[in-house]
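Numbering (this note's numbering), first residue to last: 23 to 340.
Following this line, the structure appears as structure tokens:
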């Protein structure tokens, strides 16, 4: 395939086993609710697109991850400074990890490793951390997998253990695309749950990180980035995003943020889930189309010789 005279790698090099949803969606345009998902893209419902900040909160509740993001000098990768770029690179990483080819994964591994080499604790940091630490990346990968799984189970109900184990095996690439070693990934969902429960006592969100996350949840961080337009967007969309974030957070993480949850909130959320279920029924292609777009974007950038993650900008150390 050619793009403005430039040869672009064919999309057939995408992992066809995991990308079979594209071919299936051409035959069955509506969601088959009674058919368990066999791939992570199939398990990704319309609700997933409103769960991003909730997943970030879970990731950053690991102190090393939270302080790493808060103290990072990599301005080019900061949501506070480059929100659209950050959304692209995060979504693109998920696409590469889930359905990307080996060359796609290698490109992202190399690019992210370089960025992460600039994210590490200093003598002033309250905790020691390195963004290339496989253990921290394993926690992030577990949160990402839980996000995909929760999007299905909050929408349609709990999956059986066989399906969960099958999806978990695919989720390994969410960590191995970076520094996590394959043998460190849980082999069964029961082991995943045990490891998750064992990690909970290690988690906490300090005041700095909590303020950072709260501003993401209600979009108030856009005030300084986009000025008046950011204020308008925050007022228009912030309350709804914050509600979705509170709603899709497990209770223990909600408590870490100092947020409450009422029966009235639960009833409102159930109505919203019903709406998302209807959207997902008629548009199950939302996830596969977005994943495909991210892969195309990556390969166009590679063909044009552009940096995978854009130009790297790192603030000098204080």
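Note that CB positions come from ideal geometry on N, CA and C, so glycine has one too.
Member of the options whose CA lies at the smallest distance from the CA of residue i
{"i": "residue 117", "options": "335, 66, 296 and 236", "result": "66"}
{"i": "residue 91", "options": "154, 125 and 130", "result": "154"}
{"i": "residue 149", "options": "167, 84, 313 and 309", "result": "84"}
{"i": "residue 104", "options": "339, 331, 188 and 340", "result": "331"}
{"i": "residue 52", "options": "175, 267 and 307", "result": "307"}
{"i": "residue 321", "options": "62, 80, 108 and 115", "result": "115"}
{"i": "residue 87", "options": "126, 220, 232 and 113", "result": "232"}
{"i": "residue 74", "options": "99, 102, 113 and 62", "result": "113"}
{"i": "residue 278", "options": "70, 121, 229 and 64", "result": "229"}
{"i": "residue 132", "options": "272, 295, 235 and 329", "result": "329"}
{"i": "residue 313", "options": "151, 63, 171 and 214", "result": "63"}
{"i": "residue 234", "options": "79, 72, 326 and 303", "result": "79"}
{"i": "residue 212", "options": "294, 187 and 206", "result": "187"}
{"i": "residue 337", "options": "100, 293, 69 and 81", "result": "100"}
{"i": "residue 207", "options": "219, 192 and 220", "result": "192"}
{"i": "residue 252", "options": "81, 106 and 60", "result": "106"}
{"i": "residue 190", "options": "173, 205 and 210", "result": "210"}
{"i": "residue 333", "options": "98, 225, 300 and 305", "result": "98"}
{"i": "residue 170", "options": "215, 61 and 144", "result": "61"}
{"i": "residue 82", "options": "260, 319 and 224", "result": "224"}
Beta-ladder partner(s) of residue i, from DSSP
{"i": "residue 96", "result": "336"}
Under the three-state DSSP convention, the category residue i falls into
{"i": "residue 113", "result": "helix"}
{"i": "residue 140", "result": "coil"}
{"i": "residue 152", "result": "strand"}
{"i": "residue 47", "result": "The predicted position of residue 47 is uncertain, since its pLDDT is 45 and thus under 50; no value can be drawn from it."}
{"i": "residue 208", "result": "coil"}
{"i": "residue 62", "result": "helix"}
{"i": "residue 305", "result": "coil"}
{"i": "residue 227", "result": "coil"}
{"i": "residue 203", "result": "coil"}
{"i": "residue 52", "result": "coil"}
{"i": "residue 326", "result": "coil"}
{"i": "residue 312", "result": "helix"}
{"i": "residue 243", "result": "coil"}
{"i": "residue 57", "result": "coil"}
{"i": "residue 331", "result": "coil"}
{"i": "residue 122", "result": "coil"}
{"i": "residue 103", "result": "coil"}
Start-to-end residues for the alpha helix (DSSP H) that takes in residue i
{"i": "residue 74", "result": "74-82"}
{"i": "residue 260", "result": "250-270"}
{"i": "residue 277", "result": "273-278"}
{"i": "residue 193", "result": "183-193"}
Neighbourhood of residue i by C-beta distance below 6 Å, restricted to the same chain and skipping five residues each side
{"i": "residue 264", "result": "239 and 240"}
{"i": "residue 269", "result": "291"}
{"i": "residue 159", "result": "197, 200, 201 and 202"}
{"i": "residue 2", "result": "For residue 2 there is no data in the structure shown, the boundaries of the chain being 23 and 340."}
{"i": "residue 281", "result": "268"}
{"i": "residue 324", "result": "none"}
Residues near residue i in its chain [Cβ-Cβ closer than 8 Å; skip 5 each side]
{"i": "residue 284", "result": "none"}
{"i": "residue 58", "result": "181, 182 and 185"}
{"i": "residue 255", "result": "241, 244 and 248"}
{"i": "residue 303", "result": "52, 53 and 55"}
{"i": "residue 298", "result": "67, 68, 69, 72 and 177"}
Cutoff 7 Å; reference residue i; Cβ partners in own chain excluding five residues on either side
{"i": "residue 45", "result": "Low per-residue confidence applies at residue 45: pLDDT is 49, beneath 50, and the placement is therefore not dependable, though the value from the model is reported in the following sentence. Once the five neighbours on either side are set aside, residue 45 has no close Cβ partner at all."}
{"i": "residue 222", "result": "274"}
{"i": "residue 141", "result": "90, 94, 96 and 153"}
{"i": "residue 196", "result": "119, 163, 166 and 167"}
{"i": "residue 76", "result": "267, 270 and 271"}
{"i": "residue 296", "result": "none"}
{"i": "residue 237", "result": "243"}
{"i": "residue 204", "result": "194 and 198"}
Test: residue i CB closer than 9 Å to a CB of chain D
{"i": "residue 83", "result": "No chain D appears in this structure, which consists of one protein chain only."}
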